[in-house]
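One structure below.
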Amino acid sequence: MSTNTIAPSKSTFKDLYTRFKLIEYPFTVYTTENEKDKLVDLFIQTSVYAPIIESFNHGRTMMLIGNRGTGKTALLFDLLRKENKETTLVCSIDDFSELETTGDLKEFYKLILKNLTSQIFLRLAKDQKRINKLNPEERLLLSYLLKNYLENVTKRSLRDKIEQIQSPRLVRGLKKGYNYIRFTLNYGTTAAANIISDTITSHFSKLPPVIQEGKVKDFFPELATEIDDGFLNLDSTYFLIERFIYIIKKMGFTKIIISLDKLDEDPRFENDAEGISEFIKPVVTDNKLLLNQDIQLVVSVWAVPFSMLRDAVRTQKHYCPEITWNKTDLVMALNQRLKTYSNNKISNYKELFDPKIEENFLDEVFILANSNPRDLWHVINRIFEAQYEIDSDSSYISHEAIKEGFKHFVLKFNFYEYYPRKLNARANTMDIYSYVAHLQKLPDEFFTKNQLNEYAKTGGSTNNYVVAMEKIGLVKKHEQKSGTVVYKIIDPKVTFAIKNGLRIEKN
Numbered sequence: 001m002s003t004n005t006i007a008p009s010k011s012t013f014k015d016l017y018t019r020f021k022l023i024e025y026p027f028t029v030y031t032t033e034n035e036k037d038k039l040v041d042l043f044i045q046t047s048v049y050a051p052i053i054e055s056f057n058h059g060r061t062m063m064l065i066g067n068r069g070t071g072k073t074a075l076l077f078d079l080l081r082k083e084n085k086e087t088t089l090v091c092s093i094d095d096f097s098e099l100e101t102t103g104d105l106k107e108f109y110k111l112i113l114k115n116l117t118s119q120i121f122l123r124l125a126k127d128q129k130r131i132n133k134l135n136p137e138e139r140l141l142l143s144y145l146l147k148n149y150l151e152n153v154t155k156r157s158l159r160d161k162i163e164q165i166q167s168p169r170l171v172r173g174l175k176k177g178y179n180y181i182r183f184t185l186n187y188g189t190t191a192a193a194n195i196i197s198d199t200i201t202s203h204f205s206k207l208p209p210v211i212q213e214g215k216v217k218d219f220f221p222e223l224a225t226e227i228d229d230g231f232l233n234l235d236s237t238y239f240l241i242e243r244f245i246y247i248i249k250k251m252g253f254t255k256i257i258i259s260l261d262k263l264d265e266d267p268r269f270e271n272d273a274e275g276i277s278e279f280i281k282p283v284v285t286d287n288k289l290l291l292n293q294d295i296q297l298v299v300s301v302w303a304v305p306f307s308m309l310r311d312a313v314r315t316q317k318h319y320c321p322e323i324t325w326n327k328t329d330l331v332m333a334l335n336q337r338l339k340t341y342s343n344n345k346i347s348n349y350k351e352l353f354d355p356k357i358e359e360n361f362l363d364e365v366f367i368l369a370n371s372n373p374r375d376l377w378h379v380i381n382r383i384f385e386a387q388y389e390i391d392s393d394s395s396y397i398s399h400e401a402i403k404e405g406f407k408h409f410v411l412k413f414n415f416y417e418y419y420p421r422k423l424n425a426r427a428n429t430m431d432i433y434s435y436v437a438h439l440q441k442l443p444d445e446f447f448t449k450n451q452l453n454e455y456a457k458t459g460g461s462t463n464n465y466v467v468a469m470e471k472i473g474l475v476k477k478h479e480q481k482s483g484t485v486v487y488k489i490i491d492p493k494v495t496f497a498i499k500n501g502l503r504i505e506k507n
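According to the UniProt record's numbering, the residues represented by the sequence shown are 1 to 507, in order.
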């Protein structure tokens, strides 16, 4: 009588990481927005944060410069969350899709006005007493802003907040259902917008209910020449910001913070650093706004396009710290991440690895991460994936899994995410992958222009290639020997590929 032996089923990926005491898997979340519920626990102060935090606490305007994935948004979130909500008005702007990509300072001013208007009315919805501090002229201007600068999306949010304040839950629910039927059957979007506006207007009864443009002209002659058609020039728009800031402070807000984040992440640019630099140039070079003592402006900028503007930005006058990470910072961040995602069961990343693995080999994890926490999560994710394929029942990460993880990380990395490229470029235009293809023909990470030409046959274009690679941060001048400049490849992924005979190509 024969018996059939059933092979045991392979462990799941969850079985693998829970065996490592992880409650949730921590290495597939790469943005601040996707783990806001854990940000307070995950955040660490790196070795360069102290002067940044000190400057922020003193109300200084600053530009946070850093490469992609270096935690600019997380730092900004941590700075802003600690502010006193009663005395500080925070206006966070991270959507610039309504602006033209050509970059226009007046459009930036209008965007700031819209967001300031949204924030102040959302705050005033449950604290109308602040309006009592304003005189009739100031209330008129506030009413003017309500009419002209409050976005429809904010109007709906504001209406909902007002109804929460004014109505008990049951009444609110009935009213919501009634309004939905009424809008659908009788009026459509126009009536819905009118009812929302009526709700807001009736709630802010201390403001003039109807804006008369003539009165605005009388009280604010600076706006008079162009107010009839609703189109203000650059100076008038900035004047409006100044007047608004004065009113906000008069209503009891002692500190006004305006943050501009993700300026470089608009999908319309497709990582075109030159296009991004032209887009952000008006706001990062506007000394009138940057030096305004009544607001604190915090601008978060990708390092590559900002480097193209350094000559135009008054970096000696404005604080422009660069967000960088060393190995100690990365180890702290990794340990804190493991601690958070394991409910304090893991305190040291070395607990994940085979104790026989040498320290020097583990250091390669941090070298490949390229001083970037996001890249570190990607590296370790590839290592976990490799371990699952090699031995899904293992209780530690093996030497072999680390080697395979490194290889997959380098070969599957999206270099376009971190390096700029030209928008609408022709197929034969040089880009990051073209430069890497040349560098991979070198024997190691150090080279001269003559050696690049010798190994990669770059010919008369050699000098242009090296200048371009320096500009995007792929190589740098290392030293000078006998009058000849020696360059070094900065990106450890490219160096790893050279040393291990790998070929990096577009995926």
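From the three backbone atoms N, C-alpha and C, an ideal C-beta is built for every residue, glycine too.
Keep in mind it's a predicted model, so treat the numbers as computed, not measured.
For L330, the secondary structure class from DSSP, reduced to helix, strand or coil, is helix. Looking at the DSSP output, F446 shares a beta bridge with K488.
In this chain, the beta strand (DSSP E) harbouring T88 covers T88 to I93. Assignment of V298 by DSSP, reduced to helix, strand and coil, places it in the strand class.
S342 and Q45 have their alpha carbons spaced roughly 21 Å apart. Annotation: V29 is outside any beta strand (DSSP E) and is labelled neither H nor E by DSSP. Of the candidates L368, V313, T340 and T328, the residue whose Cα lies closest to the Cα of K36 is T340.
In this structure, the CA atom of K82 is about 10 Å from the CA atom of N57.
At the C-beta level, Y319 and S55 come within 7 Å of one another. Within the DSSP secondary-structure output, V475 pairs in a beta bridge with I489.
Ranked by Cα distance from L291, the options S11, D41, K21 and M62 are led by M62. A distance below 8 Å between beta-carbons, with the five flanking residues on each side excluded, links T102 to the following residues of its chain, in chain order: E278 and F279. In the pairwise beta carbon analysis, the stretch 105–121 is classified as touching the stretch 239–256: at least three pairs are separated by under 8 Å. Going by C-alpha positions, N344 is about 8 Å away from L338. Annotated as proximal: L376 and A369, with beta-carbon spacing under 7 Å.
Excluding sequence positions up to five before and after G59, its CB lies within less than 8 Å of the CB of K255 and Q296, all in the same chain and listed in chain order. Sequence-distant partners of I245 (beyond 5 residues in either direction) whose C-beta falls short of 7 Å from its own C-beta, in its chain, are I256, D294 and I295.
The C-beta of T28 has fewer than 16 other C-beta atoms within 10 Å across all chains shown, which makes the residue exposed. Taking the C-beta atoms as reference points, V486 is found nearer than 7 Å to T448. If you draw a 10 Å sphere on the C-beta of N67, you find 16 or more other C-beta atoms in it, and that means buried. I367 has its alpha-carbon roughly 14 Å from the corresponding atom of E445.
For S277, the enclosing alpha helix (DSSP H) stretches over residues A273 to V284. Nearest C-alpha to I52 among T324, E404, L442 and Y418: T324. Leaving aside the five residues that flank I276 on each side, the residues in its chain whose CB is nearer than 6 Å to its CB run, in chain order, D264, F269 and P305.
By the criterion of a C-beta distance shorter than 6 Å, E479 is surrounded in its chain by V486, once the five residues flanking it on both sides are discounted. Distance check between D261 and each of R310, F77 and G501 places F77 closest, using alpha-carbon atoms only.
When N507, I112 and K85 are compared, the shortest CA-CA separation from D95 is found for I112. Looking at the backbone, the Cα of N381 and that of I23 are separated by about 16 Å. In the pairwise beta carbon analysis, the stretch 349–357 is classified as touching the stretch 394–405: at least three pairs are separated by under 8 Å. The beta carbon of K476 lies closer than 8 Å to those of E470, Y487, K488 and I490 in the same chain, with the five residues before and after it left out.
The beta-bridge partner set that DSSP reports for K255 consists of T88. By the C-beta density criterion, G69 is buried, having at least 16 other C-beta atoms within 10 angstroms. In this model, Y418 and A74 are separated by some 18 Å (Cα to Cα).
When the Cα atoms are used, D311 and E33 turn out to be separated by approximately 33 Å. A Cβ-Cβ contact shorter than 7 Å links F108 with V283. Excluding the 5 residues flanking it on each side, F353 has same chain C-beta neighbours closer than 7 Å at L362, Y396 and I397, in chain order.
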